[in-house]
Every structure is written in structure tokens, then in C-alpha cells.
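What follows is a short report on a single structure.
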Amino acid sequence: MASLFSAKWAWVALKFILKRREELKNIRKKGFVVVVIGCTNGLGAAVVRAVSDRLSTIESHTPHTVIMTTKKEEEGKLCLEKLRHPTVRVGFHPLDATSQESIAIFSQKLKNEFQNIDILIHSMLPTAVQLGYHDTTDNVVKMDYYETKTITLALLPLMALGGRIVIGASSLAEMAIRWMNEGAFIRLFRETSTVKDLDGIADKFVEEKLTAGPGGRRVYDSMAYPFAQAARIALAQCMGNVMKISFPDPSTRITVCSFAPGWCRTPTEGHRAPFSALEGAEEAVFAAFDAKAEDIQGAYIIGRRPARFGVAVAAIESENKASMEIAILKKEKEKEYVETMIKQLVKKFPLAIEDGNPETCSTVDAAK
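When the letters of the sequence shown are read in order and numbered with UniProt numbering, they come out as residues 1 to 368.
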């Protein structure tokens, strides 16, 4: 009896060991390395906290790491003390996107310590309070679009195969999209648009503001924030399209997308906003970890659903093409009509056409 009892428990133990062995095969050999750009504002800090909590649920043979950045070192260190996590390593490194030296130092440190980045999250956004401030166009476009682009392209060589780049962008971008002309919209969101095209639109936006009158400048200042958000969305779409071409194998493809955190309650936004900073941060976590890569490549995730402005561009271009084809067809019909009328005139009034005399034409017509 005792031997049967022992054999039973030995079999149970063996099943447990075999099951655990299979589970260990699926555990990551190396912990995630996540870089969060911007951590001193309410949303950025919440993103670091939410990402750390999400990583704590993922088993790995080595610890997960979250590296947060900000321009001001003192602010970053103070923020680090508040965001330490019991099971995830949270670190800080200063990063100034306007300094090539700062970017180079940060990139080299990441390469030396971790070799690769698994996830890059841009959470730092100018606040909506800046909407309508005077003389902010240059600064907002520079900080919100150009600095985001500079950091992303600089860290792109360090991205691990199958990694993700997630760019936060306010849904206020819709204001700029409705305001801008059709040509600018198409250049921003066309499937074949390049980063150079986006730079050209951003440069032109700033130049137009500088040459506008006082009233026009106020309009550009009020639209700078929404425009910068639209440019961030376009940047994610552009890079996502490039990744599709560069990495034919979806398993090794770097996924690039943008997401809308929603209007969140932060120290700068006050308590009027409908969402908490943590709720906004959960949208970043969804884009970085949970959304299907093939569904969100190049997309703008709003309400956890992917949207693609490129589809609208294709519709516009298709409509324009159809209109052009109709116009060409109309011209061809008109040409055929004119040629037919000339042939009929030549046949009916050969003398009038030959000598070109209106009187002859009238005489012949009267005779008929």
C-alpha cells in the first residue's frame, strides 16, 4: 500500500516537473529593456509606474529594466525616488534631444549595458495649457515633433528585432487635420511619405507663422499644439510603413505606432480632465505590450482601436483621380464632338469652308 502511495506521488511530482519544464521554455531568457522618454509630468510618471507593474507580471530569467529620461537631471532624480519598483529595475538618465553629445552618451550607455532596447515609449507631451500661448509655435513644433524624431532615429539602431516604438499623441491633432489644406494632409499621411516630407510640412508651418500678420500669428500659435500632434502621428505612420518594407518577416519587424492617452488629470491640467494619469498610461501599456503588432503597425490607437489616416488619403487621391479621369473623358468627348461638327460642316458646306467666306456660308445656307 505504501509503495502504491509513493508511486502515485512520484507520478504527480514528475507531471509537475514536466509541466514546469515546458513553462520555462516559454519564459524570456532576457528581461525587457524599456525606455520611457519624459517622466517628470503626471502622464510620464504614470507611464513608468504602469509599465513597471506590467513587467512584474512577465516571467524572465533576468530582471526587467525601465530607463526613464528627462532633460533636467535634478527633476529626474527626484522622480526616480518616487517610481522605484520592488521587482523591476527602474533607472534614470538625463537626455537632451537638442544636444548630439547627450544623445550619443545615452545611446552608448544603453548599448554597453543592455545591447538592445525592446520598447521605446515617448510619453512626454506639451500640455494643452500651451494651446493659444503667444509665440509658442517654434518651441512646440521643435519639442513635440523634431525632438521626438531625433531621439527615435538615434535609438532606432538599438531596437531589438520584434521591438516596439510607441509615440503618445493627443487627439487634438484632429483640429489641425481639419484646419490644414488637402495638399498638406496628403503629404503628411500618404503611404509613400518620407521623414523629409514631414520635415518640409513642419518647416512650412513655422515659416507661414513668421510671415503672417498679428492675427494670423495668433491662429498659428493656437494651432501649433494640434499640428505637432498630427506630425507625431504622421511620424509613427511613416516609420511603420518603412518597417513593413525593411522587415518582410513579421516576427522580426519593429512595430511603430502612436496612441491617444486621452485628456488626463495631471498637475498642469488640473482636475477637469475626465481620465486619470494612470488611465492614460494604461493606453501606452496596451500599445506597447498587448495590441497585435500587425494590427497597429503605423496606426494611431485611439480608444484601443487602430486608425489610419493613410486610408483617408487614399480615398482623397482616389476621388481626385476619378475627378481627373472624368475631366479627361469630358475633354475627349468635347474634342470628338468638335471634330464631328467640323466634318459635317465640311461635307455640308464645302465651298464656305474652302474659301472661309461667311457670306458664302450664308448664301449656301439660304439656298438650302
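Just so it is clear, CB atoms sit at the ideal spot from N, CA and C, and this is done for glycine as well.
According to DSSP, residue pairing for Arg178 in a beta bridge does not occur. A Cβ-Cβ contact shorter than 9 Å links Ala260 with Ser170. Counting only the Cα atoms, Glu113 lies some 30 Å from Lys142. Counting only runs that start and end inside the region 58-123, the alpha helix (DSSP H) elements of at least 4 residues fall at 73-83 and 100-114. Contact between Leu110 and Ser102 is absent: CB atoms are separated by about 13 Å, not below the 8 Å threshold. If one requires a minimum length of 3 residues, the beta strand (DSSP E) runs lying completely within the region 229-285 are 255-259, in chain order.
Taking each of Thr192, Asp144, Gln115 and Ala176 in turn and checking the Cα distance to Leu155, the smallest one comes out for Gln115. Within the same chain, and ignoring the five residues on either side of Ala277 in sequence, the residues whose Cβ sits closer than 7 Å to its Cβ are Gly42, Leu43, Ala46, Cys264, Arg265 and Thr266. A direct Cα-Cα distance of roughly 11 Å separates Arg304 from Ser258. At least 9 Å separates the beta-carbon of Ala97 from that of Lys72. Note that the C-beta distance between Asp144 and Ala228 is below 9 Å. One Cα belongs to Val285, the other to Asp203, and the distance between them is close to 32 Å. In this structure the region 236-252 does not lie against the region 207-225, because fewer than three pairs of beta carbons, one per stretch, are closer than 8 Å. One Cα belongs to Ser251, the other to Ala160, and the distance between them is close to 11 Å. Distance from the CA atom of Ile67 to the CA atom of Asp199, rounded to whole angstroms, is 28 Å. A distance below 6 Å between beta-carbons, with the five flanking residues on each side excluded, links Asp118 to the following residues of its chain, in chain order: Phe32, Val33, Ala160 and Gly163.
In the three-state DSSP reduction, Arg308 falls in the coil class, being neither helix nor strand. A distance below 9 Å separates the beta carbons of Phe92 and Thr69. For a cut-off of 8 Å, the C-beta gap from Val140 to Val90 is around 29 Å, too long to register as a contact. As DSSP reads the structure, Tyr300 sits in a beta bridge with Ser258 and Ala307. Boundaries for Gly200: no beta strand (DSSP E) harbours it, while the alpha helix (DSSP H) harbouring it runs Val195 to Thr211, taken from the DSSP string. In the DSSP annotation of this structure, Leu161 is not part of any alpha helix (DSSP H); the continuous beta strand (DSSP E) holding it starts and ends at Met159 to Gly168.
Relative to Glu81, the option among Ser56, Asp53 and Thr40 whose CA is nearest is Thr40. Contact check for Pro306 and Asp295: beta-carbon distance about 6 Å, within the 8 Å limit, so the pair qualifies. With fewer than 16 neighbouring CB atoms inside 10 Å of its own CB, Glu207 falls in the exposed class. In this chain, the alpha helix (DSSP H) harbouring Ile151 covers Glu147 to Leu155. In terms of CA proximity to Leu120, Thr152 leads the group Phe247, Thr87, Phe275 and Thr152. Scanning its chain for C-beta atoms nearer than 6 Å, with the 5 sequence neighbours on each side dropped, one finds around Ile201 the residues Ala184, Arg187 and Leu188, in chain order.
Under a 10 Å Cβ-count criterion, Ser52 is classified as buried, with 16 or more other Cβ atoms of the shown protein chains found around its own Cβ. The C-beta separation of Ala230 from Ile177 comes to about 6 Å, placing the pair in contact by the 8 Å criterion. With 16 or more neighbouring CB atoms inside 10 Å of its own CB, Ile254 falls in the buried class. Judged by DSSP in its simplified three-state form, Ile37 adopts strand.
Boundaries of the alpha helix (DSSP H) around Arg49: Gly42 to Leu55.
In this structure, the CA atom of Ile165 is about 25 Å from the CA atom of Glu75.
For Asp144, there is no enclosing alpha helix (DSSP H), as DSSP gives it neither H nor E. Its Cα nearest to that of Pro63, the residue Pro86 stands out among Gln108, Ile105, Pro86 and Cys79.
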